[in-house]
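In the working numbering, the protein residues as written are 1 to 110. All residues carry an ideal CB built from backbone N, CA and C; glycine is no exception. Every value quoted in this text rests on a predicted model; they were computed, and no experiment measured them. Take a look at the structure below.
So, in structure tokens, the structure goes:
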């Protein structure tokens, strides 16, 4: 028998395992394999859309790392999918390299 979940409150949180860009709670720095003093390469995430503006510090369309993001309209759901859009951004010149980072996505259902 399938039980339908009655949800009171529901949130998504994203935890960054890398450092955040100074003064930008929505930008997570990426680690490169080469020494790079010319730029900070980072990612931003959004639930809506990505534009060049999303790379700006604390843009309203970007997800702030470590904050909970309320998800409306989840009453009586049988399944749930959420798309995250990630954008690559940089302060300065980007050099060719392999960049990496990690995030943890949590769904909190009350």
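CB contact flag (residue i, residue j, <8 Å)
i	j	result
residue 101	residue 39	no
residue 50	residue 87	yes
residue 112	residue 58	An answer regarding residue 112 cannot be provided, because it is not within the stretch 1 to 110 covered by the chain.
residue 34	residue 104	no
residue 66	residue 15	yes
residue 21	residue 99	no
Cut-off 6 Å between Cβ atoms - residues of its own chain near residue i, not counting five sequence neighbours on either side
i	result
residue 3	Below a pLDDT of 50, predicted positions are generally treated as unreliable, and residue 3, at 44, falls in that range; the measurement from the model is reported next regardless. Excluding sequence neighbours, residue 3 sits near nothing in its chain.
residue 108	11
residue 106	13
residue 81	none
Own chain, CB closer than 8 Å to residue i, minus 5 neighbours either side, in chain order
i	result
residue 18	28, 29, 30, 31, 101 and 102
residue 68	11, 12, 13 and 108
Start and end residues, beta strand (DSSP E) containing residue i
i	result
residue 13	10 to 16
residue 104	103 to 109
residue 94	Premise fails: residue 94 is in no beta strand (DSSP E) and is neither H nor E.
residue 46	39 to 46
Residues near residue i by beta carbon distance below 7 Å, same chain, minus five either side
i	result
residue 55	44, 87 and 89
residue 48	61
residue 52	none
residue 94	39 and 41
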